[in-house]
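Residue numbers (my numbering), protein chains in the order written: chain X, 1 to 145; chain L, 146 to 290.
Where is the CB? At the ideal position from N, CA and C, for every residue including glycine.
In what follows, a single structure is set out as structure tokens and then discussed.
2 protein chains.
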Amino acid sequence: MITIMDNTETTEKTKSCDFRMTRQRRVILAELDSPGQHPTADEVYSRVRKVLPNISLGTVYRNLEILSQTGMVKKLHIGSEQRRYEKNQKRHYHAHCVMCGRVSDIPSDPFGDIDKTARENSRFDITGHELVFEGLCPKCNDDNQ
Amino acid sequence: MITIMDNTETTEKTKSCDFRMTRQRRVILAELDSPGQHPTADEVYSRVRKVLPNISLGTVYRNLEILSQTGMVKKLHIGSEQRRYEKNQKRHYHAHCVMCGRVSDIPSDPFGDIDKTARENSRFDITGHELVFEGLCPKCNDDNQ
DNA sequence: CTTGGTGCAAAGGTTTTGCACGGGG
DNA sequence: CCCCGTGCAAAACCTTTGCACCAAG
Chain X
1 MITIMDNTET TEKTKSCDFR MTRQRRVILA ELDSPGQHPT ADEVYSRVRK VLPNISLGTV
61 YRNLEILSQT GMVKKLHIGS EQRRYEKNQK RHYHAHCVMC GRVSDIPSDP FGDIDKTARE
121 NSRFDITGHE LVFEGLCPKC NDDNQ
Chain L
146 MITIMDNTET TEKTKSCDFR MTRQRRVILA ELDSPGQHPT ADEVYSRVRK VLPNISLGTV
206 YRNLEILSQT GMVKKLHIGS EQRRYEKNQK RHYHAHCVMC GRVSDIPSDP FGDIDKTARE
266 NSRFDITGHE LVFEGLCPKC NDDNQ
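Written out as structure tokens, the structure is:
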């Protein structure tokens, strides 16, 4: 029999939201575990299929959506490219290579002061911001010389 | 006969890039002229069709893409929603209503210092950033009370 | 048991593209 | 005149969804 409880806050969160921790969901979460990753749904799908060959792409999408609603996973919208996902973890921003599309983490505390500036210049009730830095990754920068 | 030259920097840019200023292209640009707008390709399409009933959606997409390459138009990537476009104009950021999807301009000088911070924390050659503020627009904020 | 989750496949929505023709410069 | 741009329609792409069955709790 498969152990379903793993007494992490992850499972706690799922339980409290009336979500079942299915095999599929657990494997998807596990795939997102290593930091510095920002896979697309399709990338998650092909990785997870190595463990669960019969999982469907629809299930991957449904789970990523549900997990992002619980806050365990974060949806990323970077450029006009395909949606990406990451495990929600310590505060950081992202850098996006305009040449190859690579996405890297940039560790940083959130810039709270820019929200304040925005509030002063608009009638919106600003709650936060999405910020992506654009530029060249080290590799493309070298190739470019 | 239709006047093709209009001796604006717009036409100059087009000429220098070997782009022809066609009737379609001119009407699309004109539609984007009033500030504070961020229409989707489809919205541009339906507006432009009032002037050019036979224009095709493909032409609208092709032109918005070309115009964004010349720098005359800016593509906006806001949340996971449909792509939006605006005429490139004085420096500002955008606020996105998480409830109704509305997009508003927020006048502001660019935050150059955050690029500096990002540079110090990554190996990317950072050239700029995409920044969208999230919150509630005045209307949704009222409805929410 | 009950009810939410799954696999499958089809549908949906947005954006791109191949092609033959037309018009800009 | 040349060849870029256009209209049309199909294709490509990404994401969502309906449905019958399955399995978590």
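Would residue i be called buried (16 or more neighbouring beta carbons within 10 Å of its own) or exposed?
i, result
"N208/L", "buried"
"G36/X", "exposed"
"A118/X", "buried"
"A30/X", "exposed"
"S34/X", "exposed"
"S122/X", "buried"
For residue i, which residues of its own chain have a beta-carbon under 8 Å away from its beta-carbon, when the five flanking residues on both sides are left out?
i, result
"A41/X", "L57, V60, Y61, L64, Q82, R83, Y85"
"N7/X", "Note on N7/X: pLDDT 36, under 50, position unreliable in the model; no value is reported."
"L281/L", "C242, V243, M244, N289"
"E154/L", "Here the model assigns E154/L a pLDDT of 40, short of 50, so the residue's position is not dependable, and the following value carries that caveat. Same-chain partners within the cutoff: there are none."
"G257/L", "none"
So if DSSP puts residue i in a beta bridge, which residue, or which two residues, is it bridged to?
i, result
"E134/X", "H96/X, G273/L"
"L76/X", "R84/X"
"P255/L", "According to DSSP, which records beta bridges pairwise, P255/L is partnered with nothing at all."
"T185/L", "R229/L"
"V27/X", "Paired residue(s): none; V27/X is not in a bridge."
"D104/X", "Sequence check: residue 104/X is Ser here, not Asp. Note: S104/X sits in a beta bridge opposite A95/X."
Please report how far the alpha carbon of residue i lies from the alpha carbon of residue j, in whole angstroms.
i, j, result
"R49/X", "V27/X", "10 Å"
"L221/L", "V51/X", "38 Å"
"H129/X", "I200/L", "37 Å"
"Q169/L", "K232/L", "16 Å"
"I157/X", "P198/L", "Residue coverage of chain X in this structure runs from 1 to 145, which leaves residue 157/X outside it and unanswerable."
"Q234/L", "I223/L", "18 Å"
"T156/L", "V132/X", "Caution is warranted here: a pLDDT of 39 is assigned to T156/L, below 50, making its placement in the model unreliable, and no coordinate value can be reported."
"I126/X", "K261/L", "24 Å"
"S80/X", "S225/L", "9 Å"
"H338/L", "E43/X", "Lying outside 146 to 290, the shown extent of chain L, residue 338/L is not represented and no answer is given."
"Q253/L", "F124/X", "Note that residue 253/L is Ser in the sequence shown, not Gln. Distance between the alpha carbons of S253/L and F124/X: 14 Å."
"D142/X", "Y190/L", "41 Å"
"H239/L", "E120/X", "13 Å"
"S249/L", "F19/X", "36 Å"
Taking residue i as the query, report the chain X residues whose CB atoms sit under 9 Å from its CB, ordered along the chain.
i, result
"D260/L", "F133, G135"
"Q229/L", "One detail in the question is off: residue 229/L reads as Arg in this sequence, not Gln. Correct list: empty, because the minimum Cβ distance to chain X is about 10 Å."
Which chain L residues sit within Cβ distance under 7 Å of residue i?
i, result
"S46/X", "Going along chain L, no residue has its Cβ under 7 Å from S46/X, so there is no contact; the nearest lies around 21 Å."
"S104/X", "S267, F269"
Leaving aside the five residues before and after residue i along the sequence, list all residues of the same chain whose C-beta is less than 6 Å from its C-beta, in chain order.
i, result
"C140/X", "C97, M99, C100"
"L212/L", "V218"
"E134/X", "H96, V98"
"P255/L", "R236"
"R192/L", "E176"
List, in order along the chain, the chain L residues whose C-beta lies closer than 8 Å to that of residue i?
i, result
"G150/X", "A question about residue 150/X goes unanswered here, because the residues of chain X that appear run from 1 up to 145."
"Y61/X", "Within 8 Å Cβ-Cβ: nothing; Y61/X doesn't reach chain L, min ~12 Å."
In chain X, what lies closer than 7 Å to residue i by C-beta?
i, result
"P252/L", "N121"
"A240/L", "A118, S122, F124, I126"
"F164/L", "In chain order: nothing, as chain X lies at least about 21 Å away."
"P184/L", "Near P184/L there are no residues of chain X at all, since even the closest Cβ is about 16 Å away, more than 7 Å."
Leaving aside the five residues before and after residue i along the sequence, list all residues of the same chain whose C-beta is less than 7 Å from its C-beta, in chain order.
i, result
"I131/L", "Because chain L spans 146 through 290 in this model, residue 131/L falls outside it and cannot be assessed."
"R102/X", "C137"
Give the interface partners of residue i over in chain X, defined as CB-CB distance under 8 Å, in chain order.
i, result
"P180/L", "Near P180/L there are no residues of chain X at all, since even the closest Cβ is about 15 Å away, more than 8 Å."
Which residues of chain L have a Cβ atom closer than 9 Å to the Cβ of residue i, listed in chain order?
i, result
"N141/X", "R268, F269, D270"
"P110/X", "Ordered by position in chain L, no residue passes the 9 Å Cβ test against P110/X, which lies about 11 Å from the chain."
"P53/X", "Chain L residues near P53/X: none, gap ~29 Å exceeds 9 Å."
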